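Here's the structure, in structure tokens; my notes come after.
Chains as they are written, first to last, in this note's numbering: chain B, 1 to 628; chain V, 629 to 1256.
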């Protein structure tokens, strides 16, 4: 039985009956009913003619090809295409688009004018099914920018599966023109853009390759851990989930950290999970209340091994069309990174290096650091320079900061002398080869703050880097374990990181941890550590050093006492990594249904008003008077 | 460099320094520090000697083999094993266990008595690392029930990585003795049981094979959809998540139903997701507040095609060691299933068939159905029969029900006459070949209630089935679209199912939907439908028929108007499917960290009391007086 007979024998016939004399009804009440023998149709095309590629992308559907699939060698074949009406030209040429690409349809020479008139009336973006024959385009019609540009399909039957019946918020041919809130509200239309299709399909492929590497090549086990869990003391703000038990709540996990440690205790020694995590961060730009991380943990491992794993993993999954990555990634200690780039997430290829100028200034009371941006005088406008100065003074009020634009060396020398009386200007000029048209940033103050101020400059002022190092990975290691914040000691990362040396009361701020951050092109894309597996040490850190009530962590401490192997792991930020890979402005462009930076879902309107039933069920009253 | 040198040159040397004269410290403050050159150790064993299998299960760790890996051909090799101390015999023989299996270690002939004495003192389940040499066991020591039973490892160095320092709640050698709440509270110990290891590892493998099939073989795209979404009107009770915006809440999705439909509108035409879903079902046994489903949706498809996809998927992923499944699965309409088995999730291989006895009873005012359980008289105790009767009368108070235990045919005839005056007993006996030692269940009342009562009997009374049909799949189709509940019309499944015929005001309860349930061994393991893609029809169903305010669904209706292709899909219950595959009593045994049937996490104690900070942040007061 050929397709034509199939079409006739199936209920597609009933559907096509709606098209009297080839004229389309406004909206054909279409349903692919169970009597359509799709298996037969597909078999013919797939298994018997061997026409399809290996991906089987058309199996289980009523199409024979996607809109990206037909080539000149398909000429003469009868095909069924399904897709969206992107564009009509001269009432005869139809661009049919799906998630894969587009194909040109053309009505037959002898088509009735009524048909052509009707085609004109179909709203753009309506859903069509076309049965027709593939032919070569005339030479002058060939479109080399379209994968199917060599061919077109002569329409034999055209079915309007579903007509657009509303004013669409934006046109699909103008990607950059819609504003983001409109795109988020009508995400189901926005997703049709080739860019969004690419991003979501790449995301799926990348996560699949991660799983193939970890499960098939490295014997890891993916374990789903609960997201409704107990509140973690400290760390990010966690969402709460009230239960019907009065006053009792779950928290949505901010990461599976404790749970994966429990898995190590439980002999699941090579764990990973593509884990959904939650943080109630309020209005922080480019964060999402729910996000995805590739969460990994291993027993009987060490820091080098985890780093090696990640380097091998990323090499394996990196899309070949985006260029190779070079391993091993360079490593910088936290101290080196700060001293060299002023940042613990430096873009090592696109940053100027910081130099210490203290020695040139006889009476310097604080350390003086400088960043020389060669031949950059004309790269920032006066306004941009002022904006940068404001940024620094706001973020680092205690740092003495200057950004000098060298139009004339003479003026520069005078200015420098004004700022640092007695500075050996000639030595500075010679040692750093400073000349006209350079930009020089200088920061003086307490060491890490002055360095960070210059780091901000590096962040906002990326040096042109004409290089093959498109992907600039770097590991940052040897972080301090603790820091002071408002006179309170706290973990730099979290209380579970294994110290590199013994902790005493004297060296709290000096002790380094086995913690490692992964930085890509100046963005933190991952972080992990070797964990404490000794219950006494963990108790000491939680209780004696951090002053966290040990009861809140008793399940973890009890687990460490029950036979816990040495272990460590890492988590990669999937959204951030993809956003860099896809070169998008925001992580929202690699997430199917993201929320705004205020946490709103513009599509559904969530969050919405709590209902009376839910108030009762969860014993909640909403406070009328805000007390804080 | 060989391992020995490696051990000596690395900080394992430092660690082993803790073992003075081969005597172990109580707890060696062990940390695998970054100076251990694990790469080198592993390379020797893996890449150079080619000793490992392909799974690379030891990469990135300090072991050379798992405890399940050594065989007689490994004799003479130097190895490093890591694991848990399961058992000590004669102070010399140590059973070391990890998540893969166990290996016997033995101290050398010339070991000091101090060493042997100390081994005796190591608490069971402590974590050890052993460096030693593989040798064949003496013939009399060979253990054929252990994969490594041909060999043992002579201990050269033994490191106590972490000693158990608490009383363990149960012994690892007695799986069935611990009660479940103890197992859940100490899940990190419970997970070490070989059964739990098998279940979690099978779960990971099965989900990976599903992904391989869908992505690599069937060109699907996995898309993560948000779990913080808008409340769905109707359906299961959804958890709410308060936000800092006063009185505004997200809901945790009960399924990605609406979101996957939006993806279809957005040209992601072959979607799937291993999706976390949430339902606040309170105390329903064997349900979890969060659970996992394999969620699938396709455009341009139909019911047959979705069913074919699932049959191919399950055939592909089914673990070969568990026997084959036979496709295509049989199909029953809802009506047939009810009339034959009294259930819409029948165990078709293990159920007796219902017969209609109405015709034998001259004055029957209601339909009479019967279930004859051949030779089953002795299979239920009097108590079990009474319990069943109580169950039926509680669940179906309007159904007249009898369960007759035929010890004597004469008595049976008399009893039957008492119940149904005028019944043609002889015809019944002949037609159904009833004889002594049979059990006969009879139910009379309104059709579906009477049938369901007998379905309950089938559910509780599985007929022995000695067959190769270990996996009894069946599709249930042609469900009614609507049903009456407390005089209100409602969807049998959900409001998005495509009707098979036009809906009029007269045929509401007759219209069937394109819905399909997948049943395995009497358990519903999946369900799906072809969806409504026409905005007018969807509006009619939501607003006119179901009386749901259309505003709550405006985002969906608007999407249907924006170019929505015909589409349909299905969701498989991953927890339930695995529980059947693993033959566990409960889905909790295939979930790493499940909650009790009251929704409690015994491990962490969640849900816990809401904090004052959270009350303030989310503007919540807890109601003191319960009003309902």
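Note that beta-carbon positions come from the ideal geometry of N, C-alpha and C, so glycine has one too. None of the values given here were measured: they were computed from a predicted structure.
message: Distance check for residue 66 (chain B) and residue 75 (chain B), CA to CA, integer angstroms please.
response: By one-based count along the first chain, residue 75 (chain B) stands at place 75. By one-based count along the first chain, residue 66 (chain B) stands at place 66. Cα to Cα, residue 75 (chain B) sits roughly 15 Å from residue 66 (chain B).
message: Is there a Cβ of chain B sitting closer than 8 Å to that of residue 1088 (chain V), yes or no?
response: Your numbering for residue 1088 (chain V) matches position 460 in the second chain. Not closer than 8 Å to any Cβ of chain B, the Cβ of residue 1088 (chain V) fails to qualify, so no.
message: Considering just the uninterrupted stretch of the alpha helix (DSSP H) at residue 451 (chain B), what are its terminal residues?
response: Start at 1 with the first residue of the first chain, and residue 451 (chain B) comes out as number 451. Looking at the DSSP string, the run of the alpha helix (DSSP H) that includes residue 451 (chain B) is 447-460.
field: Three-way DSSP call (helix, strand, coil) for residue 1182 (chain V) in this model
entry: Walking along the second chain from the start, residue 1182 (chain V) turns up at place 554. In this structure, residue 1182 (chain V) counts as helix in the three-state DSSP scheme.
- prompt: Taking the alpha-carbon positions, what's the residue 757 (chain V) to residue 491 (chain B) distance?
  reply: Taking the first residue of the second chain as position 1, residue 757 (chain V) is located at position 129. Taking the first residue of the first chain as position 1, residue 491 (chain B) is located at position 491. Separation of residue 757 (chain V) and residue 491 (chain B) (C-alpha to C-alpha, rounded to the nearest whole angstrom) is 30 Å.
- prompt: Distance, Cα to Cα, residue 1110 (chain V) vs residue 889 (chain V)?
  reply: Locating residue 1110 (chain V) in the second chain gives position 482, counting from the first residue. Locating residue 889 (chain V) in the second chain gives position 261, counting from the first residue. One C-alpha to the other measures close to 21 Å.
task: Determine which residues of the region 1023-1040 of chain V have a Cβ less than 7 Å from any Cβ of chain B, and write them out in chain order.
output: none
message: If you reduce the DSSP assignment to three classes, tell me which class residue 585 (chain B) lands in.
response: What you label residue 585 (chain B) is simply residue 585 of the first chain in a count that begins at 1. Note: residue 585 (chain B) maps to coil in three-state DSSP.
- prompt: Which word fits residue 120 (chain B), buried or exposed, when buried means at least 16 other C-beta atoms lie within 10 angstroms of its C-beta?
  reply: As a position in the first chain, residue 120 (chain B) is number 120, starting the count at 1. By the 10 Å Cβ count, residue 120 (chain B) comes out exposed.
- request: Verify the CB distance criterion: does residue 868 (chain V) have a CB-CB separation below 8 Å to chain A?
  value: Within the model displayed, chain A is absent; protein chains B and V are what it includes.
message: Please confirm whether residue 966 (chain V) has its beta-carbon closer than 8 Å to some beta-carbon of chain B.
response: The count along the second chain starts at 1 and reaches residue 966 (chain V) at position 338. No - not a single Cβ of chain B is within 8 Å of the one on residue 966 (chain V).
- prompt: Using DSSP with H/G/I as helix, E/B as strand and the rest coil, what is residue 873 (chain V)?
  reply: Indexing the second chain from 1 puts residue 873 (chain V) at position 245. DSSP places residue 873 (chain V) in coil when its eight states are reduced to three.
- request: Mind checking which residues open and close the beta strand (DSSP E) that includes residue 516 (chain B)?
  value: The sequence position of residue 516 (chain B) within the first chain is 516, counting from 1. From DSSP, the beta strand (DSSP E) with residue 516 (chain B) extends over 515-520.
- request: For residue 318 (chain B), write down the residues that DSSP places opposite it in a beta bridge.
  value: Within the first chain, numbered from 1, the residue matching residue 318 (chain B) stands at position 318. None; residue 318 (chain B) has no bridge partner.
task: Could you check the C-alpha separation between residue 146 (chain B) and residue 324 (chain B) for me, to the nearest Å?
output: Counting from one through the first chain, the residue named residue 146 (chain B) turns up at place 146. Counting from one through the first chain, the residue named residue 324 (chain B) turns up at place 324. Spanning the two alpha carbons is a distance of roughly 27 Å.
- request: Return the residues of the region 218-231 of chain B that lie within a Cβ-Cβ distance of less than 7 Å from chain V, sorted by chain order.
  value: 218, 219, 221, 222, 223, 224, 225, 226, 227, 228, 229, 230 and 231
field: Reduced DSSP category for residue 615 (chain B) - H, G, I as helix; E, B as strand; rest coil
entry: Stepping through the first chain from its first residue, residue 615 (chain B) is reached at position 615. DSSP places residue 615 (chain B) in helix when its eight states are reduced to three.
task: State yes or no: is the C-beta of residue 1123 (chain V) within less than 8 Å of the C-beta of residue 962 (chain V)?
output: As a position in the second chain, residue 1123 (chain V) is number 495, starting the count at 1. As a position in the second chain, residue 962 (chain V) is number 334, starting the count at 1. No, they are not a contact pair.
message: Let me check one thing: in DSSP terms, what residues is residue 103 (chain B) bridge-paired to?
response: Within the first chain, numbered from 1, the residue matching residue 103 (chain B) stands at position 103. DSSP lists B:96 as partners of residue 103 (chain B).
task: Quick one: give me the first and last residue of the beta strand (DSSP E) that residue 403 (chain B) is part of.
output: Numbered from 1 along the first chain, position 403 holds the residue referred to as residue 403 (chain B). Where residue 403 (chain B) is concerned, the enclosing beta strand (DSSP E) stretches over 400-405.
field: Neighbour flag for residue 926 (chain V) against chain B, beta carbons, 8 Å
entry: Indexing the second chain from 1 puts residue 926 (chain V) at position 298. Yes, residue 926 (chain V) lies at the interface with chain B (some Cβ there is under 8 Å from its Cβ).
task: Taking only beta carbons into account, state which residues of the region 1204-1224 of chain V come closer than 9 Å to chain B, listed in chain order.
output: For the region 1204-1224 of chain V, residues whose beta-carbon sits nearer than 9 Å to a beta-carbon of chain B comprise 1219, 1220, 1221, 1222 and 1223.
query: Among V:713, V:1139 and V:698, which has the Cα closest to the Cα of residue 706 (chain V)?
result: Walking along the second chain from the start, residue 706 (chain V) turns up at place 78. Out of V:713, V:1139 and V:698, V:698 has the C-alpha closest to the C-alpha of residue 706 (chain V).
Completely contained beta strand (DSSP E) runs for the region 320-371 of chain B, where each covers 3 or more residues: 331-333 and 354-356
field: Distance, residue 1200 (chain V) Cα to residue 843 (chain V) Cα
entry: Residue 843 (chain V) sits at position 215 when you count from the first residue of the second chain. Residue 1200 (chain V) sits at position 572 when you count from the first residue of the second chain. When rounded, the distance between both Cα atoms is 17 Å.
- prompt: Shorter than 8 Å from the beta carbon of residue 815 (chain V) to some beta carbon of chain B?
  reply: The residue given as residue 815 (chain V) occupies position 187 in the second chain. Residue-level contact check: residue 815 (chain V) touches chain B, since one or more beta carbons of chain B fall below 8 Å from its beta carbon.
message: Am I right that residue 1197 (chain V) and residue 1155 (chain V) are in contact with their C-beta atoms under 8 Å? What's the rounded C-beta distance?
response: In the second chain, the residue the question calls residue 1197 (chain V) occupies position 569. In the second chain, the residue the question calls residue 1155 (chain V) occupies position 527. Not a contact, Cβ separation roughly 10 Å.
- request: Buried or exposed for residue 497 (chain B), please, with buried defined as at least 16 other CB atoms from any protein chain shown within 10 angstroms of its CB.
  value: On the first chain, position 497 is the one that residue 497 (chain B) refers to. By the 10 Å Cβ count, residue 497 (chain B) comes out buried.
task: Compute the Euclidean distance between the alpha carbons of residue 684 (chain V) and residue 270 (chain B), then round it to the nearest angstrom.
output: For this step, residue 684 (chain V) is matched to residue 56 along the second chain. For this step, residue 270 (chain B) is matched to residue 270 along the first chain. Residue 684 (chain V) and residue 270 (chain B): Cα-Cα distance of roughly 11 Å.
field: Integer-rounded CB distance, given that residue 395 (chain B) should sit under 8 Å from residue 462 (chain B)
entry: The residue given as residue 462 (chain B) occupies position 462 in the first chain. The residue given as residue 395 (chain B) occupies position 395 in the first chain. Actually they do not touch by this definition, with Cβ atoms about 19 Å apart.
task: For residue 515 (chain B), count neighbouring Cβ atoms within 10 angstroms of its own Cβ and tell me buried if that reaches 16, exposed if not.
output: For the purposes of this step, residue 515 (chain B) is taken as the residue at position 515 of the first chain. Buried, because 16 or more other Cβ atoms sit within 10 Å of the Cβ of residue 515 (chain B).
field: Bridge partner(s) assigned by DSSP for residue 373 (chain B)
entry: Along the first chain, read from residue 1 onward, the residue named residue 373 (chain B) stands at position 373. Its beta-bridge partners are B:439.
message: Let me see if you follow: with CB-CB separation under 8 Å, is residue 917 (chain V) close to chain B or not?
response: As a working note, residue 917 (chain V) is residue 289 in the second chain. Interface residue, yes.
field: Of the residues B:370, B:91 and B:101, the one placed nearest residue 111 (chain B), counting alpha carbons only
entry: Looking up residue 111 (chain B) in the first chain gives position 111. Closest by alpha carbon: B:91.
- prompt: Given that residue 1186 (chain V) touches chain B, what residues does it touch there, using C-beta distances under 7 Å?
  reply: Translated into positions along the second chain, residue 1186 (chain V) becomes position 558. Result: 166.
- prompt: If you draw a straight line from the C-alpha of residue 615 (chain B) to the C-alpha of residue 790 (chain V), how long is it?
  reply: Within the first chain, numbered from 1, the residue matching residue 615 (chain B) stands at position 615. Within the second chain, numbered from 1, the residue matching residue 790 (chain V) stands at position 162. If I take the Cα positions, the gap works out to 48 Å.
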